Amino acid sequence: MENKSSDADVIYKLLKSSRDAKKAAYMPYSKFPVGAALLCADGTVIKGCNVENASYGLSICAERTAIVKAVSEGYRKFKAIAISSDLKNSHIVPCGACRQFLVEFGTDWDVYMTKPDLSYKMMKTGELLPLSFVPESLEEERLSNSIKG
């Protein structure tokens, strides 16, 4: 992102979109709404929310919902994601499964973790999951096996 004022506008809109996405959350068990807004490389913003299930393991977080929606629409390259919740004393952070999901699409895009007042902390996807297993890891394994083989 090059222009500082337009970058700030894009970030602000992304933060607001994540807060708006939170309104659609289906969370009858935890009562903990989370929203996410994913900024695609072409500037498209795709929103997601958490969707809980009585079988807790089948629940899906807002971050993964946004990515699944984006991928199902043909998007593969992302610039940033913003995450919102009702936590007042700390910034919402992605769970481990979401961190792995994020790095699947690159280790150098921005993750904005917010509070309800839209204050945020930003980290790169790779910083959130250091020493991560990424698509290139599989290629390294294939190359290693073909050399041995």
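Take the sequence shown: its letter number 104 is residue 104 in full-length UniProt numbering, and every next letter is one higher. Cβ coordinates follow ideal geometry from the N, Cα and C atoms, glycine included. Given the structure is predicted, the values throughout are model-derived calculations rather than measurements.
- Remark: C-beta atoms of Gly48 and Leu58 do not approach each other more closely than 8 Å.
- Assignment of Tyr29 by DSSP, reduced to helix, strand and coil, places it in the coil class.
- Inter-residue distance for Ile83 and Leu138 is about 29 Å (C-alpha atoms, whole angstroms).
- No residue range can be given for Ile92, since it is assigned to no alpha helix (DSSP H) and is classified by DSSP as neither H nor E.
- Contact between the segment 54-71 and the segment 24-42 is present, with at least three C-beta pairs closer than 8 Å.
- Check the Cα spacing between Thr107 and each of Thr114, Leu15, Leu129, Arg76: the tightest is with Leu129.
- Remark: C-beta atoms of Phe101 and Ile67 approach each other more closely than 8 Å.
- The residue from Cys40, Ser30, Lys124, Gly126 with its alpha-carbon nearest to that of Ser72 is Cys40.
- Counting only unbroken stretches of 4 or more residues, the alpha helix (DSSP H) elements lying wholly within the UniProt domain "CMP/dCMP-type deaminase" (9-136) are 62-72, 96-103, 125-128, in sequence order.
- Linking Asp86 to Leu131 through their CA atoms gives a straight-line distance of about 30 Å.
- Check the Cα spacing between Glu52 and each of Asp7, Asp9, Glu136, Ala25: the tightest is with Ala25.
- Contact check for Met113 against Val93 passes: the beta carbons are separated by less than 8 Å.
- Annotation for Ser30: Glu52 place their beta carbon closer than 7 Å to its own, counting only its chain and skipping 5 residues before and after.
- Going by C-alpha positions, Ser55 is about 43 Å away from Ser6.
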